[in-house]
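The sequence shown begins at 1 in my numbering and counts up by one. Contents: one structure, followed by commentary.
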Amino acid sequence: MTDTAMPATEAEPTIAEPVTEELSQAARERIAAANAEAAKYRIKARDAATTAKAAAEQEFGDQIHALTEQNTGLSTQLAQLQAALAAGVPADLVSELAPLLRGENPEELAEHAARLAQRFNLTAPAGPARERAVDPSQGHGDTRTSADSFFVNYAFDL
Numbered sequence: 001m002t003d004t005a006m007p008a009t010e011a012e013p014t015i016a017e018p019v020t021e022e023l024s025q026a027a028r029e030r031i032a033a034a035n036a037e038a039a040k041y042r043i044k045a046r047d048a049a050t051t052a053k054a055a056a057e058q059e060f061g062d063q064i065h066a067l068t069e070q071n072t073g074l075s076t077q078l079a080q081l082q083a084a085l086a087a088g089v090p091a092d093l094v095s096e097l098a099p100l101l102r103g104e105n106p107e108e109l110a111e112h113a114a115r116l117a118q119r120f121n122l123t124a125p126a127g128p129a130r131e132r133a134v135d136p137s138q139g140h141g142d143t144r145t146s147a148d149s150f151f152v153n154y155a156f157d158l
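And the structure:
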């Protein structure tokens, strides 16, 4: 075996032939046409989004406004009820006093509730709301059973 060196045949990268001016001009025209078409679709999509947004605002704007007002009203009522309860107003009078409270924030409502409760002496007593009713018949009266009464009647009737 002879060691003869075989020449290494590496594939030399072939350099692409320069693109002809005609080909590059045609490619540029196609790219420009595609870009123009894409721009046209972007404009249509933007216009459609703007139109849809305006239609949604027109359709749901009144509902959103009404729900926002309702939410504000309920938040105010809750703050008034909380202020009245915090001022120590009895539970049975809270629903009557709460709508009368005036203020822009919870602190003002609490202050006004305290003034009204003090002015009209509405504070709940510190102890239990009511004393427990006493049943006078408990522990009093005839405690004899029917057997006892039978024995007494028998013993004294003799």
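Idealized CB from N, CA, C, for every residue including glycine.
Asked, Found
"What three-state label does DSSP hand P90 in the structure shown?", "coil"
"So P106 is in the alpha helix (DSSP H); what residue range does that whole segment cover?", "106 to 119"
"Looking at A91 and A110, is the spacing between their C-beta atoms short of 8 angstroms?", "no"
"Considering only residues of the same chain and omitting the five flanking positions on each side of T68, which have a CB-CB separation below 7 angstroms?", "none"
"How many angstroms separate the CA atom of A83 from the CA atom of H65?", "27 angstroms"
"Helix, strand or coil for D47? Go by DSSP, reduced to three states.", "helix"
"Would you kindly work out how many angstroms separate the C-alpha atoms of Q63 and K53, rounded to a whole number?", "15 angstroms"
"Are L93 and L122 touching if we call contact CB-CB under 8 angstroms?", "yes"
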